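Take a look at the structure set out below.
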Amino acid sequence: MEIRHSSSAKPAVDAVSLRDDALLALTGQARYAWDIKSDVLDWSANAKSLIGLVDFSPALGGRQFETLISAEGSQSRFGVVFSPSEEKPFAGPVPYQCIYAISADKVESGQKVWLEDTGAWYPDSNGRPARAEGVVRIVSDRRQREDQLRRKSDFDDLTGLPNRSFLEMQLAETIQECMTDQSSAALLVVSMERMPLFNEIYGFDIGDEVLKTAGAIISGRMRGNDVVARFSGAKFGVILKNCSGGEIYVAARRFLDSLRKEIISTSAGPVTLDATIGACFMPKHAKSPTAAIAAASTACDLARFDGGYKIRVYDHDPKLAAKRRTDAEMAARVIATCESGSMRLAFQPIVDAVSGRIAFHECLIRIADDSGLPGDAGNFVPLAEKLGFIGIIDHRTLELALDTLEQNSEARLSLNVSNETAEDPLWLSKLAEGLNRIPGSAGRLIVEITESHAARDLEEASKFVSTIQSLGCKVAIDDFGAGFTSFANLKSLPVDIIKIDGSFAADLPTNRQNQVFIQSLIMLARAFEVKTVVEWVEDAETAAMLAAWGVNYLQGHNFGAATTANQWNASNAKADSGPDAVPVLLAG
Numbered sequence: 067m068e069i070r071h072s073s074s075a076k077p078a079v080d081a082v083s084l085r086d087d088a089l090l091a092l093t094g095q096a097r098y099a100w101d102i103k104s105d106v107l108d109w110s111a112n113a114k115s116l117i118g119l120v121d122f123s124p125a126l127g128g129r130q131f132e133t134l135i136s137a138e139g140s141q142s143r144f145g146v147v148f149s150p151s152e153e154k155p156f157a158g159p160v161p162y163q164c165i166y167a168i169s170a171d172k173v174e175s176g177q178k179v180w181l182e183d184t185g186a187w188y189p190d191s192n193g194r195p196a197r198a199e200g201v202v203r204i205v206s207d208r209r210q211r212e213d214q215l216r217r218k219s220d221f222d223d224l225t226g227l228p229n230r231s232f233l234e235m236q237l238a239e240t241i242q243e244c245m246t247d248q249s250s251a252a253l254l255v256v257s258m259e260r261m262p263l264f265n266e267i268y269g270f271d272i273g274d275e276v277l278k279t280a281g282a283i284i285s286g287r288m289r290g291n292d293v294v295a296r297f298s299g300a301k302f303g304v305i306l307k308n309c310s311g312g313e314i315y316v317a318a319r320r321f322l323d324s325l326r327k328e329i330i331s332t333s334a335g336p337v338t339l340d341a342t343i344g345a346c347f348m349p350k351h352a353k354s355p356t357a358a359i360a361a362a363s364t365a366c367d368l369a370r371f372d373g374g375y376k377i378r379v380y381d382h383d384p385k386l387a388a389k390r391r392t393d394a395e396m397a398a399r400v401i402a403t404c405e406s407g408s409m410r411l412a413f414q415p416i417v418d419a420v421s422g423r424i425a426f427h428e429c430l431i432r433i434a435d436d437s438g439l440p441g442d443a444g445n446f447v448p449l450a451e452k453l454g455f456i457g458i459i460d461h462r463t464l465e466l467a468l469d470t471l472e473q474n475s476e477a478r479l480s481l482n483v484s485n486e487t488a489e490d491p492l493w494l495s496k497l498a499e500g501l502n503r504i505p506g507s508a509g510r511l512i513v514e515i516t517e518s519h520a521a522r523d524l525e526e527a528s529k530f531v532s533t534i535q536s537l538g539c540k541v542a543i544d545d546f547g548a549g550f551t552s553f554a555n556l557k558s559l560p561v562d563i564i565k566i567d568g569s570f571a572a573d574l575p576t577n578r579q580n581q582v583f584i585q586s587l588i589m590l591a592r593a594f595e596v597k598t599v600v601e602w603v604e605d606a607e608t609a610a611m612l613a614a615w616g617v618n619y620l621q622g623h624n625f626g627a628a629t630t631a632n633q634w635n636a637s638n639a640k641a642d643s644g645p646d647a648v649p650v651l652l653a654g
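Quick note: the sequence shown, position 425, residue 491 per our numbering, numbers continuous.
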């Protein structure tokens, strides 16, 4: 369209030259001049093709242009020019910027067009807006990306339901409403059962189908003002507004019945569903989103042991509350110890079964207790795994082990790695960098993985073993015999050492079953050319029996407890005989 000229807008119109039009077209922009008193709105020649309005009439004024804007946006040019914050008089041009959408039915393409409008308005003699000049550009693609990011931050890609962050936001609002209105609401944690089995038998694609269908079933049983979200793996969170004690069981049974009666058709065949439900009341049991999720999750964990309808409502137990506080304090202390650099390693000797000479040492973790003495690590390793901060411990322990290898050329160490950290590329990178920095250190380090890690995903475990061995280290399976790894799988997992679980060494001289079991493991290990270590060897008689059967290495208090002293300086070696000689679970 041609630019409309008007005397009131002449200064602005004169500025829009043909050369300017060409430049605007090349940069995807259109220019306008708006005489506010007469409401005449003039555009550069490329505006019609850029915006694509169905009716781009020369008579289209500034206020009429506002009627084309979609209600979805909260901004408009008129709104920012006449905003309350600009009511005071101005002497010079006042810049502004806003983003708004032209309604889809007003655009030739039939799709909303988002515009970024940047300009300045000029005041009259009274300091009020008299005219405005600016440029618009299409930002629809950017707006779509931003919408996708916003949706991704609040919604789960698989089920299309809100995610944990959205659930927590809704919980905060619900709790505040309950406290203000003196009402009650409930949070249900619905944990889908058998999901690991579905993933293992049918594959993760089928598992995803099941979760998506389960989410749809739960959503279909909701009241209008309730909220459902997928907040963790196979768990859904449901907020029930204005929910009383009796209603919570009715609602929970309604969800369970709906899930159980459905036979889901998947690409791998029909699948049935079941779930466990834990619940809590707000604000009775929880006055924060974190507390609500913790309470409902605790109830859900307990409900797993129930028969029939697996539904539990949280019951505040002072002992459990005290344990949670103790766990929280322990977690904070462990994390602080790691971050402060005050965590220490202790080393327990592992000896050659024939010569009795020390072959290597296993790294064990120590943190100071309230008295400043090395404390029992046995309590916090499972806690670290449960709460997800085992990786912090793992990385710090690796650093200490590498420092020990660097400072003591005679040191030979074994180091456990947790299931989670074994899949952490940063840990592997740190290991590789450390070994490269310390010449000859790779041949002095054994990395131990747990049997549960090997059994969980044989292919991934095999890749991990190969990676460690390619760096020059040996690999051992810890606590062998206590889990489910078979020697058929061991054939596909070429480790160098198996450490037979110490529970089988208990009462070995008098326990015939343990004798047969250990002898069988030794014989099979020899067939696979894998060396053996037996843990928890506490007396000379047990040691002699194991050596006679052909065990390669022995570990236990019979040969020395763990010590934090330098093991490669005999005058400083002082055994720590406390009960806290626990393997550093960089390994699970």
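Ideal Cβ placement from N, Cα and C applies to all residues, glycine included.
If you're wondering where the values come from, they're calculated on a predicted model, not measured in any experiment.
Inter-residue spacing [alpha-carbon to alpha-carbon] between residue i and residue j
i: T463; j: A170; result: 59 Å
i: H427; j: A520; result: 23 Å
i: K350; j: T240; result: 13 Å
i: L325; j: S257; result: 11 Å
i: E275; j: D223; result: 12 Å
i: I135; j: Y166; result: 7 Å
i: K327; j: R287; result: 13 Å
i: Q633; j: E472; result: 14 Å
i: E152; j: I204; result: Low local confidence applies: a pLDDT of 49 at E152 is under 50, so the model's placement there is unreliable, and no value is given.
i: G176; j: G193; result: 40 Å
i: C244; j: V483; result: 46 Å
i: L126; j: S206; result: 23 Å
i: L559; j: G547; result: 15 Å
i: R320; j: A358; result: 22 Å
Cβ pair residue i, residue j closer than 7 Å
i: K278; j: T225; result: yes
i: P341; j: E259; result: At residue 341 the sequence reads Ala, which differs from the Pro that was named. Yes, the pair counts as a contact, with Cβ atoms nearer than the cut-off.
i: W180; j: R209; result: yes
i: E514; j: A542; result: yes
i: P195; j: V147; result: yes
i: K565; j: D544; result: yes
i: A412; j: L430; result: yes
i: E604; j: N618; result: no
Cutoff 6 Å; reference residue i; Cβ partners in own chain excluding five residues on either side
i: R378; result: G344, A365, L368 and A369
i: L439; result: For L439, the predicted structure reports a pLDDT of 46, less than 50, and the residue's modelled location is therefore unreliable. The matter cannot be settled from this model.
i: D372; result: none
i: M409; result: T403, I433 and R462
i: W187; result: V147, V160, P195 and A198
i: G506; result: none
i: G128; result: W100, D105 and L107
Three-way DSSP call (helix, strand, coil) for residue i in this model
i: H519; result: helix
i: G438; result: Unreliable placement is indicated for G438, whose pLDDT of 49 sits below 50; the coordinate value is still reported in the next sentence. Here G438 sits in coil by DSSP.
i: Q248; result: coil
i: A397; result: helix
i: A369; result: helix
i: V147; result: helix
i: V420; result: coil
i: W602; result: coil
i: D323; result: helix
i: Q414; result: strand
i: D190; result: coil
i: A91; result: helix
i: G622; result: coil
i: K540; result: strand
i: V255; result: strand
i: G506; result: coil
i: W493; result: helix
i: I330; result: strand
i: F583; result: helix
Sequence-distant residues of its chain with Cβ nearer than 7 Å to residue i (five each side left out)
i: G509; result: G538
i: Q236; result: V293 and I305
i: A498; result: L537
i: E132; result: S142 and F144
Opposing strand residues paired with residue i [DSSP bridges]
i: S480; result: E428 and I512
i: V173; result: L119
i: R378; result: G344
i: R296; result: F302
i: I185; result: The sequence given here places Gly at residue 185; Ile does not occur at that position. The partner list for G185 (beta bridge, DSSP) reads Y162 and G200.
i: F546; result: I566
Short CB-CB distance (under 7 Å) between residue i and chain C
i: P336; result: The question asks about chain C, but that chain is absent: this structure has only one protein chain.
Residue i: CB within 6 Å of a non-hydrogen atom of the ligand ZN
i: K278; result: Within the structure as shown, the ligand ZN is missing, as the structure has no ligands at all.
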